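Data first, discussion second: the structure below is written as structure tokens.
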Amino acid sequence: MPFLEVIHGSEEPLSVDARRAFAQEAVAVFADVVGTPPGRLRLCFEHHDPLDTIEGLLGERARGDRD
């Protein structure tokens, strides 16, 4: 069973509408490209604080942020 994990690093988690739109596109892409039948794709969203990502830790914005 194909599994897709989306890891998102930002101040705020993705909205329900954004996650729903992503899920709909993922189902369509996996069906077209991989041939995944309906109901067989597993999808998980995970939100991370920016300072838990390499971009957040090493980026320009992070230089003045909390330790």
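Under the working numbering, the first residue of the sequence shown carries the number 12, and numbering increases by one thereafter. Glycine included, each C-beta is placed from N, C-alpha and C at the ideal position. This one's a predicted model, so the numbers in the text were calculated from it and none came from an experiment.
Residue state for Arg53 is assigned as strand, using DSSP reduced to three classes.
Distance between Pro48 and Ala42, taken at the CA atoms: about 6 angstroms.
Per DSSP, reduced to three states, the secondary structure at Leu69 is helical. Taking the C-beta atoms as reference points, Met12 is found nearer than 9 angstroms to Leu52. DSSP places Glu36 within a helical segment (H, G or I) once states are collapsed to three.
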